[in-house]
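Each residue of the sequence shown is one higher than the last, beginning at 2 in this note's numbering.
Glycine is no exception: its CB is placed at the ideal position from the N, C-alpha and C atoms.
Predicted model, so just to flag it, every value in this text is computed and none were measured.
Okay, structure first, notes after.
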Amino acid sequence: MLHITKKENRVLNQVKYFQNEYKEGVPYRILKLDLDMSEVDLKDILNNLDSKAIIKYSNSTAKLLETGNVNVWDSKEEVANEELNQTEEKAFQILKNFVGDDGKISKTLLEGQMLYGELKLSSLKTYNILASLENKGLISKIQLPDGDYYTLNS
Numbered sequence: 002m003l004h005i006t007k008k009e010n011r012v013l014n015q016v017k018y019f020q021n022e023y024k025e026g027v028p029y030r031i032l033k034l035d036l037d038m039s040e041v042d043l044k045d046i047l048n049n050l051d052s053k054a055i056i057k058y059s060n061s062t063a064k065l066l067e068t069g070n071v072n073v074w075d076s077k078e079e080v081a082n083e084e085l086n087q088t089e090e091k092a093f094q095i096l097k098n099f100v101g102d103d104g105k106i107s108k109t110l111l112e113g114q115m116l117y118g119e120l121k122l123s124s125l126k127t128y129n130i131l132a133s134l135e136n137k138g139l140i141s142k143i144q145l146p147d148g149d150y151y152t153l154n155s
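Written as structure tokens, this is what we have:
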């Protein structure tokens, strides 16, 4: 599920609308004239949509890719919160997959999975997700003689 802001949705709808007329991609100038947005805002939105793989934006043209399900939110903060929630869910699933028989997982192993595994998170985002999971009471950090571990709270 993709999450975008209302402004991004407005631009996306215009790209969809003009897609039939411009098979090679909708020119930037057409979007600029039709949307009546500042140049900086429009370029930022097009780059954001490109980074989310909703459109392909290159050479001043925007071409629609497969969008699938898209949720529209009021602000960037709401989009970030929703994406974090989805990332937290994925991280928790990874944690459950790697938990040993004793219900513990090494902090180093877990952080390594988040940094270099499927999620490929930054160290700051890894820290934030683990702290969030702790705050929500899903995991607990424990200190053992051979290092730091996390346990699942049931």
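For residue 133, the enclosing alpha helix (DSSP H) stretches over residues 124-136. Taking a C-beta distance under 9 angstroms as the contact criterion, residue 131 and residue 143 do not qualify as a contact pair. Within the same chain, 16, 19, 20, 62, 63 come within 7 angstroms of residue 27 by CB-CB distance, once the 5 residues on both sides are set aside. In the structure shown, the three-state DSSP call for residue 118 is coil. The Cβ atoms of residue 152 and residue 106 sit closer than 9 angstroms to each other. Residue environment: residue 114 is assigned as buried (16 or more neighbouring CB atoms within 10 Å of its CB, all protein chains considered). Under the DSSP assignment, residue 32 falls in the alpha helix (DSSP H) whose first and last residues are 29-36. It is roughly 15 angstroms from the alpha-carbon of residue 129 to the alpha-carbon of residue 109. With a contact defined as Cβ atoms closer than 8 angstroms, residue 65 and residue 92 miss out at about 31 angstroms.
For residue 111, the three-state secondary structure derived from DSSP is helix. Residue state for residue 72 is assigned as strand, using DSSP reduced to three classes.
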